[in-house]
Structures are given as structure tokens and as C-alpha cells.
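The structure under discussion appears below in the form of C-alpha cells.
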Amino acid sequence: MSALHAATAVPEKLTWSGGSEPLKASYGKLMMWFFLLSDTFTFSALLVTYGMIRFSQQAYTGAHEKFFFSTTHWPIPDKVFEAVPFLHGIEAPLIFVGIMTFILIFSSVTMVLAVEAGHRGDRADVEKWMLWTILGGFTFLGSQAWEWTHFIHGPADLAKAATDALGNPIEGANLTRNPYGPPAFADLFFFITGFHGTHVFSGVILNILIFFNTATGLYERRGHYEMVEKVGLYWHFVDLVWVFVFTFFYLV
Numbered sequence: 701m702s703a704l705h706a707a708t709a710v711p712e713k714l715t716w717s718g719g720s721e722p723l724k725a726s727y728g729k730l731m732m733w734f735f736l737l738s739d740t741f742t743f744s745a746l747l748v749t750y751g752m753i754r755f756s757q758q759a760y761t762g763a764h765e766k767f768f769f770s771t772t773h774w775p776i777p778d779k780v781f782e783a784v785p786f787l788h789g790i791e792a793p794l795i796f797v798g799i800m801t802f803i804l805i806f807s808s809v810t811m812v813l814a815v816e817a818g819h820r821g822d823r824a825d826v827e828k829w830m831l832w833t834i835l836g837g838f839t840f841l842g843s844q845a846w847e848w849t850h851f852i853h854g855p856a857d858l859a860k861a862a863t864d865a866l867g868n869p870i871e872g873a874n875l876t877r878n879p880y881g882p883p884a885f886a887d888l889f890f891f892i893t894g895f896h897g898t899h900v901f902s903g904v905i906l907n908i909l910i911f912f913n914t915a916t917g918l919y920e921r922r923g924h925y926e927m928v929e930k931v932g933l934y935w936h937f938v939d940l941v942w943v944f945v946f947t948f949f950y951l952v
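Under our numbering, read the sequence shown as residues 701 to 952, first letter to last.
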């Protein structure tokens, strides 16, 4: 061996010949992290866009109790989202969306318990906690559907119907009309919450597949429940994104 070759040779024990898992992360989990990273960029772009449009619009400057809907200023969120199912006429600002948020976060807890049960190889516990996670996902989607319906039809069913600056009743919003405020408010609401809702729906479908595979013993035969953990990463991501969506739309 020449002196130059000997000086530049890499010890065999330091080379990677494949077959092992860098940082003890399997290929599947690594690809899931890559996907979640790309999805983070997408949601970040949407929320940054919302922030830029939100703060480029005129804000309401009067007293909170004297707020009125108008296309000339951005609406106050707790005046828009103050309804609760079966409690018509009662003003409960952000109570319903708070319940929605709690349900989604709690479903993340049940997913953690499902992953932990998978690590123990406890098939029955994985099935139990996956069912609770699926139930939480469907409940959140149903709640969001109700909120969309109320947002579209407007608060005309309340005891005190809201009116705009001209005294006309607020009839709800769609992609071409938004009596609550500037047109961009409804457009961004439908697009961003709808985009997130699509992710939740996809996560529920994945959770159902995981539950089915667990119930049929597929992962038990494989000897591991790694798929539960990979789908769990996606579900936690969806929950985390909702915290930011909630902050931007309902608190800012």
C-alpha cells in the first residue's frame, strides 16, 4: 500500500455499509419525519399569510361591548365564534372551539397510550386506545362541521341577531360573501381550517387501518407495532398544528 493511500484510507469500522438504522430510526419513521417537515412548511406559509393579511387590515378600535360586524374592519373572533350547539341565544365566546381543542389534545394522549401499549406488545390495549383516538378524531370533525355550518348560515338563529354597520342582519359567509368582515377573513378561515380538517380526516382513516391491522393480529405476527408509532407521529403533528391554527384564528 502506498504512503498516500495509507494516509487517506478510512478505517473499516468507521464506514457505513447499509443495513443499520441511523440514530436508531427505521426507514419508515425517517420518511414520516421528512413528510411532517414538508407539511410544517406548508402550514407555516398559510399561517404567515394569514398574519400578514390580518395585520394589513383595519382593526376595530371601539369598546369591545359595542363591537359591530362590518366589512370595513377585521372581526373580533370571540364575537364570531360564540355559539354552542343546543344553546341558542346564549353567548359563550370561544367555549365550543375550546371544547374542540380539548377533545383533539385528549386524543393525542390516547394515541400516546396506544404507542406505549405497542411497545409492550399488548394487543388488547392497543385496540382499546386506538378506538378512543378514532372516537376523538370523529368527534372533532363533527364539531368542526357544526362550526362551519353555523359560520355559513350565520347567527340569525340567535335570540339577538347580529347586524352589520348598515343595520342589515348577518346571514353568514361563503367564498364570495363575508358579512362578518373583510372578504379575506372567510376565505382564510375556510381554507386553513379546511386544510387542517382534511389532515384530521386522513389521520382518522389511518387510525382505523391501524386498528383493523391490530385486531387481525398483523402486527403481532410481525413481532412489533412500529406502524402504530409512525401513525402516532402524524396524529401528534395534526394536534400540534391545531394549537397554532387556534391561536391565529380564535385568539389573535
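For glycine and all other residues, C-beta sits at the position ideal for the given N, C-alpha and C.
| query | result |
| --- | --- |
| For W774, write down the residues that DSSP places opposite it in a beta bridge. | A759 |
| Can you tell which of V826, A745, E816 and T771 has its C-alpha closest to the C-alpha of T916? | V826 |
| Under a Cβ-count criterion, where at least 16 other Cβ atoms within 10 Å of its own Cβ denotes burial, should Q758 be classed as buried or exposed? | exposed |
| DSSP three-state label for F838, please. | helix |
| What residue does the alpha helix (DSSP H) around V904 start on, and which one ends it? | P883 to A915 |
| Assuming M800 contacts F768 (C-beta within less than 8 Å), just tell me the rounded distance between them. | 27 Å between Cβ atoms; not a contact. |
| I want to know whether the region 810-819 touches the region 827-834 - three or more CB-CB distances under 8 Å. | yes |
| Sorted by chain position, which residues of the same chain lie with C-beta nearer than 6 Å to S808's C-beta, five sequence neighbours on each side aside? | H936 and D939 |
| Let me know the secondary structure DSSP gives F781 once reduced to three states. | coil |
| For L951, does the count of other Cβ atoms within 10 angstroms reach 16, so buried, or fall short, so exposed? | exposed |
| Can you tell me the Cα-Cα spacing of A873 and T849, whole angstroms? | 10 Å |
| Output needed for D778: all residues of its chain with C-beta closer than 6 Å, excluding positions within five of it in sequence on either side, in chain order. | P793 and L794 |
| Would DSSP call Y925 helix, strand or coil? | coil |
| If you reduce the DSSP assignment to three classes, tell me which class H853 lands in. | helix |
| Please report the straight-line C-alpha distance between G894 and S756, rounded to a whole angstrom. | 23 Å |
| Can you check which of these residues, D739, T742, G751 and A745, is closest to F948 by C-alpha distance? | G751 |
| Give the range of the alpha helix (DSSP H) segment to which R877 is assigned. | No alpha helix (DSSP H) holds R877; DSSP gives it neither H nor E. |
| Just to confirm, is the Cβ distance from V904 to F838 under 8 Å? | yes |
| I need the DSSP call for L787, collapsed to helix, strand or coil. | coil |
| Which two residues bound the contiguous alpha helix (DSSP H) that contains H764? | Note, H764: premise wrong, no alpha helix (DSSP H); not H, not E. |
| Please confirm whether I805 and I908 have their CB atoms less than 8 Å apart. | no |
| Report buried or exposed for M731, applying the criterion of at least 16 other Cβ atoms within 10 angstroms of its Cβ. | exposed |
| Roughly how many whole angstroms lie between the Cα atoms of Y760 and H896? | 28 Å |
| Tell me where the alpha helix (DSSP H) around S808 begins and ends. | I795 to R820 |
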